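Protein chains in written order, with this note's numbering: chain A, 50 to 475; chain B, -2 to 101.
The beta carbon of each residue, even a glycine, is placed where N, CA and C say it ideally should be.
Model, not experiment: these values are computed from the prediction.
Okay, structure first, notes after.
In structure tokens:
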């Protein structure tokens, strides 16, 4: 067999059945199993890739994702603040096919039937599965704020929290705002996707205003009692760099939006009018997880078995990322979703090989936030599985924060971004 | 400014066929553990050459373990690594160094 032929058999999905004849008995179940990965974000794309790597490229992995390109939420605040383009945070999914033999189906899933073990696509096709890896991301609970659904549809308010067309639209609204205008960002009660993200966005928007519209203001309306992540570091940067440009108002829970007057209403305080309205409502697990009956934590998040990320509500559906009811002190972040994916992928491959599942997985989180275009801070944590408590526990004495914002960490943050994008997609 | 697509393309061209075969549960567990480093340091420790994050796969396993333990004990300073290494047991750090470092 020449090299190119061998390469095709090892890496091409079409080679799988041929290879099957050479497999040992224990491998047979792995070779035959159909694994559907639903959602190509940090969780899903990483799971698809590592299912192939951990199985010596023998697992049959299909990734179902409606978008042609991956769009990164981390670094998308640079697009909102006009410092980067959408192309800088976008990548096609091709490498997963070319380099890892993952079959891509460009579609979304309209229903999962855990009893029949089938998935229905929006196009109408039905696919059977042995394992599903579901990485559905979040749903924005627009109905939790009166008038928000309509206002967002009209473009009067934007979320730009799932990187996509609204990311650029929000920048365009910022760019069109007059000098002296108010950019308001409202934050829901935790937990929500990317705890420090809103504060980073406020910082980078203030950085933009300082350069282009110094009479303007960023107004942060936070439903929480205080900044939910990296509070002291953000406050220090705001007072040193954006004095008069950022106003932070805690315990401001938005209950309604008036699209005509661009006004926000609150549980307690007086109404606030702004020129640009970035309203982030409460969030839940992605809709398909809720529809499938997996969201058994307050009807919002999915409880999982942390050894393999299998949903506790049903068998053979493994749920990753922001959609899960997280372990204590575990953030909803892209980095963490990538880490979930590796634990789940290893557990699925072990199970299909009839091997014991790793009894002591570990995951870590590293999260950078920019306080200006040039300076960043981090928060980090390590989480070891605790067999007695059946959850991940944050290791005491490990992890922590930056001592201060720095250019060095800004450089590391971009390095982190490029390497995690490649680890997830290349 | 490098784009995401550029990184993905570059790494794809660097990373093919560097993955060790996995034939036992133990090997799978060790690869899974080492993969917790990949977010920052690249798949199998092979990060992008100009991504500003140290290229750990150029170190020998022995050198890598010495650095990890120095971060953990506080003998070596840094931004993230002193904080992250404290979350791993010495045995886990040794396993990671064995997976990602160069063998003699």
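- [ ] For chain B, find out if any of its Cβ atoms is closer than 9 angstroms to the Cβ of residue 433 (chain A); answer yes or no.
- [x] yes
Task: Distance CB(residue 328 (chain A))-CB(residue 183 (chain A)) smaller than 9 angstroms - done: no
Open item on the list: Just checking: is the beta-carbon of residue 94 (chain B) within a distance shorter than 9 angstroms of some beta-carbon in chain A?
Closed with: no
TODO: Name, in chain order, the residues that DSSP records as bridge partners for residue 412 (chain A).
DONE: For residue 412 (chain A), the pairing in a beta bridge is given by DSSP as A:432.
- [ ] Spatial neighbours of residue 94 (chain B) within its chain, please: CB distance less than 8 angstroms, with the 5 preceding and 5 following residues excluded, ordered by chain position.
- [x] 58, 59, 61, 62 and 65
TODO: Figure out for me which residue from A:405, A:257, A:353 and A:279 has the closest Cα to the Cα of residue 417 (chain A).
DONE: A:279
TODO: Pull up the distance between the alpha-carbon of residue 425 (chain A) and that of residue 124 (chain A), whole angstroms please.
DONE: Cα to Cα, the separation comes out at about 12 angstroms.
- [ ] Quick one: give me the first and last residue of the alpha helix (DSSP H) that residue 317 (chain A) is part of.
- [x] Segment: none, residue 317 (chain A) is in no alpha helix (DSSP H) and carries neither H nor E.
Task: Beta bridge counterpart(s) of residue 332 (chain A) as assigned by DSSP - done: A:189
- [ ] Tell me whether the beta-carbon of residue 442 (chain A) lies closer than 9 angstroms to the beta-carbon of residue 432 (chain A).
- [x] yes
- [ ] Within its chain, find whatever has a CB closer than 6 angstroms to the CB of residue 336 (chain A); leave out the 5 residues flanking it on each side and keep chain order.
- [x] 188
- [ ] Ignoring anything shorter than 3 residues or poking outside the segment 334 to 387 of chain A, list the beta strand (DSSP E) runs there in chain order.
- [x] Uninterrupted beta strand (DSSP E) stretches at least 3 residues long and entirely within the segment 334 to 387 of chain A occur at 366 to 368, given in chain order.
- [ ] Could you pull out every unbroken alpha helix (DSSP H) segment of at least 4 residues lying fully inside the segment 196 to 284 of chain A, listed in chain order?
- [x] 197 to 202, 214 to 225 and 246 to 261
- [ ] Taking all protein chains shown into account, decide if residue 86 (chain A) is buried (16 or more other Cβ within 10 angstroms of its Cβ) or exposed.
- [x] buried
Open item on the list: Using a Cβ-Cβ distance cut-off of 9 angstroms, determine whether residue 402 (chain A) contacts chain B.
Closed with: yes
Task: Sub-9 angstroms separation of residue 76 (chain B) and residue 191 (chain A) beta-carbons - done: no
TODO: Identify, in the order they occur along the chain, each residue of the same chain with its Cβ nearer than 6 angstroms to the Cβ of residue 331 (chain A), setting aside the five sequence neighbours on each side.
DONE: 190, 193 and 237
Open item on the list: Using a Cβ-based criterion (distance less than 8 angstroms to any ligand heavy atom), does residue 281 (chain A) qualify as near the ligand FMN?
Closed with: Because no ligand of any kind appears in the structure shown, any question about the ligand FMN cannot be addressed here.
Open item on the list: Check whether chain B comes within 9 angstroms of residue 236 (chain A), counting only Cβ atoms and requiring the distance to be less than that.
Closed with: Not closer than 9 angstroms to any Cβ of chain B, the Cβ of residue 236 (chain A) fails to qualify, so no.
Task: Cβ-based neighbour list, residue 338 (chain A), same chain, cut-off 7 angstroms, excluding 5 preceding and 5 following - done: 183, 185, 344, 351, 368 and 372
Task: Secondary structure of residue 164 (chain A), DSSP reduced to three states - done: The answer is coil: DSSP assigns residue 164 (chain A) none of H, G, I, E or B.
Task: Contact list for the segment 21 to 54 of chain B against chain A, Cβ threshold 7 angstroms - done: 22, 25, 26, 28, 29, 30, 32, 33, 35, 36, 37, 38, 39, 40, 44, 45, 48, 49 and 50
Task: Of the listed residues A:430, A:292 and A:104, nearest to residue 82 (chain B) (C-alpha basis) - done: For residue 82 (chain B), the closest C-alpha among the options A:430, A:292 and A:104 is that of A:430.
Open item on the list: Which residues of the segment 110 to 140 of chain A have a Cβ closer than 9 angstroms to any Cβ of chain B? Give them in chain order.
Closed with: 118, 119, 120, 121, 124, 133, 134, 136, 137, 138, 139 and 140
TODO: Starting from residue 26 (chain B), follow the alpha helix (DSSP H) in both directions and report where the run begins and ends.
DONE: 22 to 31
- [ ] Output, in chain order, the set of chain B residues within a Cβ distance shorter than 8 angstroms of residue 411 (chain A).
- [x] 30, 33, 84, 85 and 89
- [ ] Round the Cβ separation of residue 296 (chain A) and residue 266 (chain A) to the nearest angstrom and send it over; I've been treating them as touching at under 8 angstroms.
- [x] 6 angstroms
TODO: Could you check which residue in A:363, A:283, A:251 and A:139 has the C-alpha nearest to that of residue 451 (chain A)?
DONE: A:283
Open item on the list: What does the Cβ neighbour count give for residue 21 (chain B), buried or exposed, with the cut at 16 atoms within 10 Å?
Closed with: exposed
Task: N- and C-terminal bounds of the beta strand (DSSP E) containing residue 307 (chain A) - done: 303 to 307
Task: Reduced DSSP secondary structure (H/G/I, E/B, other) of residue 85 (chain B) - done: coil
Open item on the list: Once DSSP output is grouped into helix, strand and coil, what is the label at residue 291 (chain A)?
Closed with: Under the three-state reduction of DSSP, residue 291 (chain A) is assigned to coil, being neither helix nor strand.
- [ ] Under 7 angstroms between beta-carbons, which chain B residues line up against residue 470 (chain A)? List them in chain order, please.
- [x] 1, 4 and 5, listed in chain order.
Task: Continuous alpha helix (DSSP H) stretch holding residue 97 (chain A): start and end - done: 91 to 103
TODO: Under 7 angstroms between beta-carbons, which chain A residues line up against residue 77 (chain B)? List them in chain order, please.
DONE: Within chain A, 415, 427 and 429 have C-beta atoms less than 7 angstroms from the C-beta of residue 77 (chain B), given in sequence order.
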